[in-house]
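There are 2 protein chains.
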Amino acid sequence: MPTLSRDFLSDLDSRDELAPFRDEFHLPQDLIYLDGNSLGAMPLVAKQRILEVVAQEWGEALITSWNKNGWFQMAEKLGDKIARLIGADPGEVMACDATGINLYKLLSMALDMRRDRRVIVMEGSNFPTDNYMAQGLIKQLGRGHRIYFAEKEDILAAITEDVAVVSLTEVHYKTGHLLDMKAITEKAHAVGALVIWDLCHSAGALPVFVNDCHVDFALGCGYKYLNGGPGAPAFIFVAKRHQGRAVQPLTGWWGHAAPFAFEPDYRPADNIRQTLTGTQPILSLAALECGLDIMCRADMAKIREKSMNLCDYFIALVEEHCGGYGFSLVTTRSREERGSQVSFRHKQGFAIMQALIADKVMGDFRAPDIVRFGFTPLYTRYVDVWDAVMRLKNIMENNLWQKPEFNRLTAVT
Amino acid sequence: MPTLSRDFLSDLDSRDELAPFRDEFHLPQDLIYLDGNSLGAMPLVAKQRILEVVAQEWGEALITSWNKNGWFQMAEKLGDKIARLIGADPGEVMACDATGINLYKLLSMALDMRRDRRVIVMEGSNFPTDNYMAQGLIKQLGRGHRIYFAEKEDILAAITEDVAVVSLTEVHYKTGHLLDMKAITEKAHAVGALVIWDLCHSAGALPVFVNDCHVDFALGCGYKYLNGGPGAPAFIFVAKRHQGRAVQPLTGWWGHAAPFAFEPDYRPADNIRQTLTGTQPILSLAALECGLDIMCRADMAKIREKSMNLCDYFIALVEEHCGGYGFSLVTTRSREERGSQVSFRHKQGFAIMQALIADKVMGDFRAPDIVRFGFTPLYTRYVDVWDAVMRLKNIMENNLWQKPEFNRLTAVT
Numbered sequence: 001m002p003t004l005s006r007d008f009l010s011d012l013d014s015r016d017e018l019a020p021f022r023d024e025f026h027l028p029q030d031l032i033y034l035d036g037n038s039l040g041a042m043p044l045v046a047k048q049r050i051l052e053v054v055a056q057e058w059g060e061a062l063i064t065s066w067n068k069n070g071w072f073q074m075a076e077k078l079g080d081k082i083a084r085l086i087g088a089d090p091g092e093v094m095a096c097d098a099t100g101i102n103l104y105k106l107l108s109m110a111l112d113m114r115r116d117r118r119v120i121v122m123e124g125s126n127f128p129t130d131n132y133m134a135q136g137l138i139k140q141l142g143r144g145h146r147i148y149f150a151e152k153e154d155i156l157a158a159i160t161e162d163v164a165v166v167s168l169t170e171v172h173y174k175t176g177h178l179l180d181m182k183a184i185t186e187k188a189h190a191v192g193a194l195v196i197w198d199l200c201h202s203a204g205a206l207p208v209f210v211n212d213c214h215v216d217f218a219l220g221c222g223y224k225y226l227n228g229g230p231g232a233p234a235f236i237f238v239a240k241r242h243q244g245r246a247v248q249p250l251t252g253w254w255g256h257a258a259p260f261a262f263e264p265d266y267r268p269a270d271n272i273r274q275t276l277t278g279t280q281p282i283l284s285l286a287a288l289e290c291g292l293d294i295m296c297r298a299d300m301a302k303i304r305e306k307s308m309n310l311c312d313y314f315i316a317l318v319e320e321h322c323g324g325y326g327f328s329l330v331t332t333r334s335r336e337e338r339g340s341q342v343s344f345r346h347k348q349g350f351a352i353m354q355a356l357i358a359d360k361v362m363g364d365f366r367a368p369d370i371v372r373f374g375f376t377p378l379y380t381r382y383v384d385v386w387d388a389v390m391r392l393k394n395i396m397e398n399n400l401w402q403k404p405e406f407n408r409l410t411a412v413t
Numbered sequence: 414m415p416t417l418s419r420d421f422l423s424d425l426d427s428r429d430e431l432a433p434f435r436d437e438f439h440l441p442q443d444l445i446y447l448d449g450n451s452l453g454a455m456p457l458v459a460k461q462r463i464l465e466v467v468a469q470e471w472g473e474a475l476i477t478s479w480n481k482n483g484w485f486q487m488a489e490k491l492g493d494k495i496a497r498l499i500g501a502d503p504g505e506v507m508a509c510d511a512t513g514i515n516l517y518k519l520l521s522m523a524l525d526m527r528r529d530r531r532v533i534v535m536e537g538s539n540f541p542t543d544n545y546m547a548q549g550l551i552k553q554l555g556r557g558h559r560i561y562f563a564e565k566e567d568i569l570a571a572i573t574e575d576v577a578v579v580s581l582t583e584v585h586y587k588t589g590h591l592l593d594m595k596a597i598t599e600k601a602h603a604v605g606a607l608v609i610w611d612l613c614h615s616a617g618a619l620p621v622f623v624n625d626c627h628v629d630f631a632l633g634c635g636y637k638y639l640n641g642g643p644g645a646p647a648f649i650f651v652a653k654r655h656q657g658r659a660v661q662p663l664t665g666w667w668g669h670a671a672p673f674a675f676e677p678d679y680r681p682a683d684n685i686r687q688t689l690t691g692t693q694p695i696l697s698l699a700a701l702e703c704g705l706d707i708m709c710r711a712d713m714a715k716i717r718e719k720s721m722n723l724c725d726y727f728i729a730l731v732e733e734h735c736g737g738y739g740f741s742l743v744t745t746r747s748r749e750e751r752g753s754q755v756s757f758r759h760k761q762g763f764a765i766m767q768a769l770i771a772d773k774v775m776g777d778f779r780a781p782d783i784v785r786f787g788f789t790p791l792y793t794r795y796v797d798v799w800d801a802v803m804r805l806k807n808i809m810e811n812n813l814w815q816k817p818e819f820n821r822l823t824a825v826t
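Residue numbers (our numbering), protein chains in the order written: chain V, 1 to 413; chain S, 414 to 826.
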């Protein structure tokens, strides 16, 4: 670890090949935004592009845009761009619907492909919606499936011959821990199980190699590291070898082999289009494409290297400058074993995060006591790490977090 | 029927209380747009509103917009606006996801509420995606459900005591025929079945009274008569009496009783929020709200009256001026029994529609031989009906549809 100073970090910025990407995003004045893992920043081009889609493609060209402006092809075109970011091939990814819905499709397919098995392995501490989706599906099916909730140390051991599908999130939303996609997928296949990888905190944050790891299915989010805008459509990956061999159950016309033939019976497309259900939200897809086009120009290896540095330096600086104030590191120190975020535990985490936000450092708080900081190498500078920690230090030194306005627990719902 | 002339129709426009709404939409120069039942026209305010959501709410306010700009509440807020248009109460409608997915949720709930029954009644000639969704669900469930496809004359007779759910589209996408929501719902309830009404071609086109008709469930589309933009989120209605009594199976965190408590197990909200799965596409919702805000200011009775007149006059003028050219009316002449569209059958329908579009009258063609014209009273004038028919007459009189460029069958997929 080098000796960290603002000058040292500033020098890194001046030599950072990713630095020019920052100019392609809108970032609020003076804000240090460490929450791009919740909602990515806005690509500047999005304003003009969305206006074009609204005024020209919708307003002026109306329904002719379905063909003329490629609306019908958007889910697939954006899917192919996402494929490049996750190590998939063209024709294996669609940009569509929402993460939970895509997980539901894949879980249902996987259970159908392993009809003699009844167990789903998931991580109990995962962001709950994945687990909720699985609970809803098995209740609906009523065939005696059960979910075995393992934590990361126990996952490999939990993958036994009664397991139908292992459904995990690669990067843990709270701790930032990175699971070993290759080893877990190998183990699953060794016992005849299938895998589904949730890449919500991976896509755009670090290199992902779904095909090198022989992943069966995957899904992920468009609005975090892909900078696709609030509630951007999600994505869904089905390995070519499984396409045409299982049917996702939300069998709308867009997934039909001949959607415009209006045949009386559903006949599944034998390719990635079967993952679609119906009409997609075009305005939101157009915004997502703006984020993807930037990300596809960036070198993912460089993103990963900078991300690991940003996280390392943040941890080191917090421990050096705020070490006496009761923070304990949640995220692993092993840079290879984490995603692009750092979490600390602190009893006063809620108030501290409120004070940080008031001082223009935006991370987020995860109950009961975790402060979480996401690092997005395309628009986060090395000096931002320094400045964020100095503002945190000031808050801790001067007990600013004790102000009453930072201790009002406002319900988010 | 009055004697129709352009002057007569122009005079109606000058006295039309809905006429000022036309100024709130962008309509391409000289185009007579009779396809608002496929994609509604763009409300002018949408440009500014979307730019504000992109640049301010996303770009500048970032994640704080979930609370500060009400993103979390949008699905429900827009749902309440849609409720007013379909005769539902506040808290009974959500704007979310897509029509097929919402139908899937409701079908699954309905089958779960009638576990001892195995039959779904649908209309075989309906827009196929509804039927496909039901086919996918029953295949996935594997419990021996079957779909009985009835056509409109046979629907009431098909509703017998083995029927779990009657799932119908109120206005037929091709013929424009309006089913009797009240009578069918009554019959279904009399035999202990539930009803799901697809309001894709009803909402915003005519008054709908889901609660007066004691409808159980409904869904519909945001991008047709509601003018919500391409692929706008759909809506879902669950009558208050059923809320908390059945669980839709796409059980994501937004449908949890306490979404931010991050409880390990799914616990369904006991209200309309349970219909949600996860994060919604905010940009697309914002555009939808622009359309809804206009529609909510319009008098639905006046919309209906004008819609019936536009359709009546269109039929009369086509028959008067193009009567010798082989058109046969598909839509009923009975204004009370149709939605807001008129279809004719013609052997050369495809080429005729291409010629019309080239002459700036945009309707659409439905294979094998139907030309379909939608009438959207908020921005369609009485004189548009005259002008459209005169252009059609010109095409038929001069055999303009025979030009080779109008006879190239280009695949839409």
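A virtual CB, placed ideally from N, CA and C, is assigned to each residue, including glycine.
Because the structure is a prediction, the values reported are computed rather than measured.
Next item on the list: Would you mind giving the Cβ-Cβ distance between S:Asp-567 and S:Tyr-795, rounded to the nearest angstrom? I have them listed as a contact below 8 Å.
Entry: Contact doesn't hold; Cβ gap of about 37 Å is too wide.
Checklist line | Cβ neighbours of S:Pro-790 in the same chain (closer than 7 Å, five flanking residues each side left out) | finding: The beta carbon of S:Pro-790 sits closer than 7 Å to those of Leu-431, Ile-716, Lys-719, Ser-720, Leu-723, all from its chain and outside the five residues before and after it, given in chain order.
Checklist line | For V:Arg-345, the nearest candidate out of V:Val-330, V:Gln-354, V:Ala-351 (CA to CA) | finding: A check of alpha carbon separations from V:Arg-345 across V:Val-330, V:Gln-354, V:Ala-351 identifies V:Val-330 as the nearest.
Notebook entry, point to check: Would you report the Cα separation of S:Trp-667 and V:His-201, rounded to the nearest angstrom?
Noted result: Taking the straight line joining both Cα atoms gives about 19 Å.
Checklist line | Close-in-space but distant-in-sequence residues of the same chain around S:Leu-550 (CB under 7 Å, 5 per side omitted) | finding: Result list for S:Leu-550: Tyr-517, Leu-520, Ser-521, in chain order.
Next item on the list: Could you tell me which chain S residues have their CB closer than 8 Å to the CB of V:Phe-375, listed as they occur along the chain?
Entry: The contacting residues do not exist; V:Phe-375 stays about 15 Å from chain S at best.
Check: How about V:Ile-282 and V:Trp-71: are their beta carbons less than 8 Å apart?
Finding: A contact, by the Cβ cut-off of 8 Å.
Next item on the list: Figure out for me which residue from V:Ala-286, V:Asn-67, V:Ile-159 has the closest Cα to the Cα of V:Trp-232.
Entry: Checking the displayed sequence, the identity of residue 232 of chain V turns out to be Ala instead of Trp. Of the listed residues, the one whose Cα sits closest to V:Ala-232 is V:Ala-286.
Next item on the list: Assign S:His-439 to one of three DSSP states: helix, strand, or coil.
Entry: If DSSP states are grouped into helix, strand and coil, S:His-439 belongs with the strands.
Notebook entry, point to check: Considering only the beta carbon of each residue, do S:Leu-663 and V:Gly-142 sit closer than 8 Å?
Noted result: In this structure, V:Gly-142 does not lie closer than 8 Å to S:Leu-663 by Cβ.
Item checked: Cα-Cα separation between V:Leu-288 and V:Lys-81, rounded to whole angstroms -> Straight-line Cα distance between these residues: approximately 11 Å.
Item checked: Close beta carbons around S:Ile-707, own chain, < 6 Å, minus the five adjacent residues each side -> Contacts found: Glu-437, Pro-456.
Note to self: Is there a Cβ of chain V sitting closer than 8 Å to that of S:His-669, yes or no?
What the structure shows: So, interface residue.
Next item on the list: At 8 Å on the CB atoms, spell out the chain V contacts of S:Ile-695, in chain order.
Entry: At a C-beta separation below 8 Å, S:Ile-695 has these neighbours in chain V: Gly-229, Pro-230, Gly-231, Ser-284.
Check: Listed from N- to C-terminal order along the chain, which residues in the region 53 to 73 of chain V have their beta-carbon within a distance smaller than 9 Å of any beta-carbon of chain S?
Finding: Per Cβ criterion, the list reads Val-53, Val-54, Ala-55, Glu-57, Trp-58, Gly-59, Glu-60, Ala-61, Leu-62, Ile-63, Thr-64, Ser-65, Trp-66, Asn-67, Trp-71, Phe-72.
Check: In three-state terms, what does DSSP make of V:His-201?
Finding: Coil, per DSSP.
Next item on the list: State yes or no: is the beta carbon of S:Thr-371 nearer than 8 Å to at least one beta carbon in chain V?
Entry: No statement about residue 371 of chain S is possible, as the shown extent of chain S runs from 414 to 826 and does not include it.
Checklist line | Assigned exposure category for S:Lys-637 - 16 Cβ within 10 Å defines buried | finding: Buried: at least 16 other Cβ atoms inside 10 Å.
Notebook entry, point to check: Nearest chain S C-beta to V:Lys-347 closer than 8 Å, yes or no?
Noted result: Judged by the 8 Å Cβ criterion, V:Lys-347 is not in contact with chain S.
Notebook entry, point to check: Considering S:Arg-658, what are the terminal residues of the beta strand (DSSP E) in which it resides?
Noted result: In the DSSP assignment, S:Arg-658 falls outside any beta strand (DSSP E) and carries neither an H nor an E.
Check: So, does the CB of S:Glu-830 fall closer than 8 Å to a CB anywhere in chain V?
Finding: Residue 830 of chain S lies beyond the range of chain S shown here (414 to 826); nothing can be said about it.
Next item on the list: Since I believe S:Leu-730 is in contact with S:Val-798 (beta carbons under 8 Å), could you give me their beta-carbon distance rounded to a whole number of angstroms?
Entry: Right, the Cβ-Cβ distance comes to about 6 Å (below 8 Å), so this counts as a contact.
Next item on the list: Select from V:Arg-114, V:Cys-221, V:Ile-147, V:Gly-79 the residue whose C-alpha is nearest the C-alpha of V:Asn-37.
Entry: Of V:Arg-114, V:Cys-221, V:Ile-147, V:Gly-79, the residue nearest in Cα terms is V:Cys-221.
Item checked: CB contact check: S:Gln-815 to chain V, cutoff 8 Å -> The Cβ of S:Gln-815 sits no closer than 8 Å to any Cβ of chain V.
Next item on the list: Mind the definition here: the region 149 to 168 of chain V touches the region 191 to 200 of chain V only if three or more C-beta pairs lie below 8 Å; say whether that holds.
Entry: The region 149 to 168 of chain V, when compared against the region 191 to 200 of chain V, does touch it at the 8 Å Cβ threshold.
Notebook entry, point to check: In the DSSP assignment, what residue or residues form a beta bridge with S:Val-755?
Noted result: S:Phe-786.
Checklist line | Cutoff 8 Å: V:Asp-201 Cβ touching any chain S Cβ | finding: Note that residue 201 of chain V corresponds to His in the displayed sequence, not to Asp. No, V:His-201 lies away from the interface with chain S (no Cβ there is under 8 Å from its Cβ).
Notebook entry, point to check: Sorted by chain position, which residues of the same chain lie with C-beta nearer than 8 Å to V:Lys-240's C-beta, five sequence neighbours on each side aside?
Noted result: Within the same chain, V:Lys-240 has close Cβ partners Asp-89, Gly-91, Glu-92.
Margin query: So with CB distances below 8 Å, who are the chain V contacts of S:Arg-609?
Written below: Checking the displayed sequence, the identity of residue 609 of chain S turns out to be Ile instead of Arg. Simply none; closest approach about 15 Å.
Next item on the list: Decide yes or no for the touch test of the region 596 to 603 of chain S against the region 469 to 480 of chain S: beta carbon pairs closer than 8 Å, at least 3 of them.
Entry: The region 596 to 603 of chain S vs the region 469 to 480 of chain S: no contact.
Margin query: S:Val-458 and S:Cys-703 - do their beta-carbons sit closer together than 8 Å?
Written below: By the CB criterion at 8 Å, S:Cys-703 and S:Val-458 fall inside the cutoff.
Next item on the list: Let me know the secondary structure DSSP gives V:Thr-169 once reduced to three states.
Entry: Shown here, V:Thr-169 sits in a strand according to DSSP, grouped into three states.
Check: For the beta strand (DSSP E) that S:Val-802 lies in, which residues bound it at each end?
Finding: Annotation: S:Val-802 is outside any beta strand (DSSP E); the continuous alpha helix (DSSP H) that includes it extends over 795 to 810.
Notebook entry, point to check: To the nearest angstrom, how far is it from the Cα of S:Gly-472 to the Cα of V:Gly-326?
Noted result: Taking the straight line from one Cα to the other gives about 34 Å.
Margin query: Tell me the rounded alpha-carbon separation between S:Lys-827 and V:Ser-284.
Written below: With chain S represented from 414 up to 826, any question about residue 827 of chain S goes unanswered, as that position is not in the structure.
Checklist line | Beta carbon proximity, V:Lys-47 to chain S, threshold 8 Å | finding: Yes, its Cβ sits closer than 8 Å to a Cβ of chain S.
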